[in-house]
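Colleague: For reference, the structure I am asking about is given below.
Numbering (the numbering used here), first residue to last: 90 to 364.
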């Protein structure tokens with residue numbers, strides 16, 4: 090078929106680019122030619138045009154371009170696992186659009202396993218650097234993409250080594266201020282600390298630009314909302330109303346709102362702040 094088309098257009102050999110150009114020129118001539126609606130010639134030209142459009146749709150997008158499309162922001166979940174109560178410190182959590190230097194929840198001198206971190210609106214690659222704080226080792230660290238049940242990465246954190254989603258670890262930085270991260274956009278760091286005896290919860294967090302439904306909420310947890318705009322809100326719902334649930338909202342490292350739904354209450358926890 091291709092050989093017949095080359096012959097009809099006066100082409101020889103392996104001339105695929107020339108074939109495309111010749112087809113395009115022929116379609117332009119057909120479009121510019123005068124014709125009466127409903128004639129056989131017009132129907133033939135329409136068929137040729139449809140064929141060329143089908144050919145164009147089958148070609149790779151951005152012909153000749155080797156640039157990869159930027160990865161869209163998404164939810165990243167990081168599980169730090171170990172015997173309940175095993176202490177650890179987080180040196181940093183880094184994505185392509187943010188870097189965080191997490192501090193333990195209020196009143197604690199270290200994080201305690203098991204612990205769950207979320208990065209909403211994060212741009213991969215993502216990595217976490219964990220420093221075991223006690224003699225008891227952590228069992229593993231797992232990085233999940235959104236609601237996926239199979240981790241992208243998993244390792245045995247016996248030392249302060251990065252666990253990351255990319256082929257190479259990202260550089261480790263130094264915090265400009267304790268517990269305060271930095272975002273590439275210059276927006277303030279937004280963080281929700283969630284804790285209490287309520288093991289499972291659901292949450293919707295967002296700003297003026299959109300909202301995110303959390304996948305796999307479990308306490309204790311820290312949630313970062315990257316590149317938040319103007320006003321942030323978090324709505325948290327307990328799975329079991331017989332338990333308590335507390336949420337602290339930090340913006341730029343400062344505690345700006347804190348709410349609790351006590352045991353026996355089915356009330357949602359709503360925290361918000363406008364900046």
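Positions of the beta carbon are idealized from the N, C-alpha and C atoms, including for glycine.
None of these values were measured; they are calculated from a predicted model.
Is residue 199 near the ligand MG, with its Cβ less than 8 Å from a heavy atom?
Modeller: Because no ligand of any kind appears in the structure shown, any question about the ligand MG cannot be addressed here.
Colleague: With DSSP collapsed to three states, give me the class of residue 313.
Modeller: Strand, per DSSP.
Colleague: Buried or exposed: which applies to residue 236, given that a residue is buried once 16 or more other Cβ atoms fall within 10 Å of its Cβ?
Modeller: Per the 10 Å Cβ criterion, exposed.
Colleague: Around the Cβ of residue 334, are there at least 16 other Cβ atoms within 10 angstroms (buried) or fewer (exposed)?
Modeller: Buried, because 16 or more other Cβ atoms sit within 10 Å of the Cβ of residue 334.
Colleague: Can you list, in chain order, the residues of its chain with a C-beta nearer than 7 Å to that of residue 120? Leave out the 5 residues immediately preceding and following it.
Modeller: Bear in mind that a pLDDT of 45 at residue 120, under 50, signals an unreliable position, so the model cannot answer this.
Colleague: Taking buried to mean at least 16 other C-beta atoms within 10 Å of its own C-beta, is residue 364 buried or exposed?
Modeller: By the neighbour-count rule (16 or more Cβ atoms within 10 Å), residue 364 is not buried but exposed.
Colleague: What's the gap between the Cα of residue 284 and the Cα of residue 307?
Modeller: Roughly 9 Å separates the two Cα atoms.
Colleague: Measure the C-alpha to C-alpha separation of residue 344 and residue 338 and round it to an integer number of angstroms.
Modeller: Their Cα atoms are separated by approximately 6 Å.
Colleague: What is the C-beta distance between residue 191 and residue 311, in whole angstroms, given that I count them as a contact (C-beta under 8 Å)?
Modeller: Contact holds; Cβ gap of about 6 Å.
Colleague: Would you decide whether residue 220 is buried or exposed? Buried here means 16 or more other CB atoms lie within 10 Å of its CB.
Modeller: Exposed: under 16 other Cβ atoms inside 10 Å.
Colleague: Contact defined as beta carbons within less than 8 Å: I believe residue 315 pairs with residue 210. What is the distance between those atoms, to the nearest angstrom?
Modeller: Residue 315 to residue 210, Cβ: 4 Å. Contact.
Colleague: Would you give the residue range spanned by the beta strand (DSSP E) that residue 284 belongs to?
Modeller: Looking at the DSSP string, the run of the beta strand (DSSP E) that includes residue 284 is 279-284.
Colleague: Taking the continuous beta strand (DSSP E) assigned at residue 323, which residues delimit it?
Modeller: It spans 320-327 - the beta strand (DSSP E) in which residue 323 sits, taken as one unbroken run.
Colleague: Touch check for the segment 318-332 and the segment 281-299: three-plus C-beta pairs under 8 Å?
Modeller: They touch, by the three-pair rule.
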